[in-house]
Amino acid sequence: MPATAADIEIHRPYLLRYARLHLANPAQAEDVVQETLLAALEGGERYSGRSTLRTWLTGILKHKIIDQIRRASREQPLVDDERSEAEAVDALFAADGHWREFPQDWDNPETALDNGRFWKAFELCLQRLPARTAQVFRMREVMELPTEDICKALDISATNCWVMLHRARLVLRECLQLTWFDDAPKTK
45 MPATAADIEI HRPYLLRYAR LHLANPAQAE DVVQETLLAA LEGGERYSGR
95 STLRTWLTGI LKHKIIDQIR RASREQPLVD DERSEAEAVD ALFAADGHWR
145 EFPQDWDNPE TALDNGRFWK AFELCLQRLP ARTAQVFRMR EVMELPTEDI
195 CKALDISATN CWVMLHRARL VLRECLQLTW FDDAPKTK
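End of the sequence shown = 232 in our numbering, gap-free, step of one.
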């Protein structure tokens, strides 16, 4: 049974939240949701009912988000994000390659994931990353896209992708250490 406009529109708020999670620009998130709804309406007969309507719409939305990321990466001027990122990573280590200050134990990370304040701190830390590095991190760790898809979407090599992910993780860990875990209530 084809999906109707009313059936599809019910899922709009969920799709918008999903898009905003993956795209920093709210206008771009709105655009990809509109494109998703339009594609679903135009291709409603392709909905076979083998999955829920929300799952089908989310699949369409994921492809629209990737298309948007590709467009944005083609239109983005090349900036030397690598230099500031490399400096941030280098600042974490001494000349001999060891941590300047060894990271603290984070008690129970699973508990932090349920905390809204943690997610605000995480988003602030993610915004401190160079735009392209944050984009790679979101695609890999939040959207759970395979490396090949990320490389294809952003026109980067697998090696470059892994380097950006490594740097993102180091910088995020340091930022979260300072903004969240040092201030978070202890659960021991």
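We put the CB at the ideal spot given by N, CA and C, even for glycine. For clarity, every value in this text was computed on a predicted model and none was experimentally measured.
Euclidean distance between Cα positions of residue i and residue j
{"i": "ILE52", "j": "ILE104", "result": "12 Å"}
{"i": "GLU79", "j": "LYS108", "result": "7 Å"}
{"i": "GLY141", "j": "ASN204", "result": "21 Å"}
{"i": "LEU222", "j": "GLU86", "result": "48 Å"}
{"i": "SER201", "j": "PRO70", "result": "29 Å"}
{"i": "GLU145", "j": "LEU189", "result": "33 Å"}
{"i": "TRP206", "j": "ALA50", "result": "43 Å"}
{"i": "ARG94", "j": "ALA135", "result": "51 Å"}
{"i": "CYS195", "j": "SER92", "result": "31 Å"}
{"i": "GLU89", "j": "LYS164", "result": "40 Å"}
{"i": "THR102", "j": "LEU173", "result": "27 Å"}
{"i": "ARG64", "j": "GLN179", "result": "13 Å"}
{"i": "GLU218", "j": "TYR62", "result": "27 Å"}
Exposure of residue i, with buried meaning 16 or more beta-carbon neighbours within 10 Å
{"i": "VAL186", "result": "exposed"}
{"i": "LEU168", "result": "exposed"}
{"i": "PHE137", "result": "exposed"}
{"i": "GLU171", "result": "Here residue 171 is Gln; the residue named in the question, Glu, does not match the sequence. That one is exposed."}
{"i": "PRO57", "result": "exposed"}
{"i": "LEU81", "result": "buried"}
{"i": "ALA139", "result": "exposed"}
{"i": "ASP124", "result": "Low confidence applies to ASP124: its pLDDT is 46, below 50, so where it sits in the model is not reliable enough to give any reading."}
Contact under 9 Å by Cβ, residue i with residue j
{"i": "ASP199", "j": "MET183", "result": "no"}
{"i": "VAL76", "j": "ASP111", "result": "yes"}
{"i": "LEU97", "j": "HIS55", "result": "yes"}
{"i": "ALA73", "j": "LEU60", "result": "yes"}
{"i": "PHE162", "j": "LEU216", "result": "no"}
{"i": "TRP100", "j": "ALA84", "result": "yes"}
{"i": "LEU220", "j": "PHE181", "result": "no"}
Residue i: first and last residue of the uninterrupted alpha helix (DSSP H) it sits in
{"i": "HIS66", "result": "56-66"}
{"i": "LEU181", "result": "The residue asked about is misnamed: residue 181 is Phe in this sequence, not Leu. Element bounds for PHE181: 175-181."}
{"i": "HIS210", "result": "202-220"}
{"i": "PRO70", "result": "70-86"}
{"i": "LEU236", "result": "The structure shown does not extend to residue 236, since the chain is modelled only from 45 to 232, so the question has no answer here."}
{"i": "GLU53", "result": "49-53"}
For residue j and residue i, believed in contact at Cβ under 8 Å, the rounded distance
{"i": "ILE113", "j": "ALA197", "result": "6 Å"}
{"i": "THR177", "j": "ARG213", "result": "Not quite, the Cβ-Cβ distance comes to about 10 Å (not below 8 Å), so this is no contact."}
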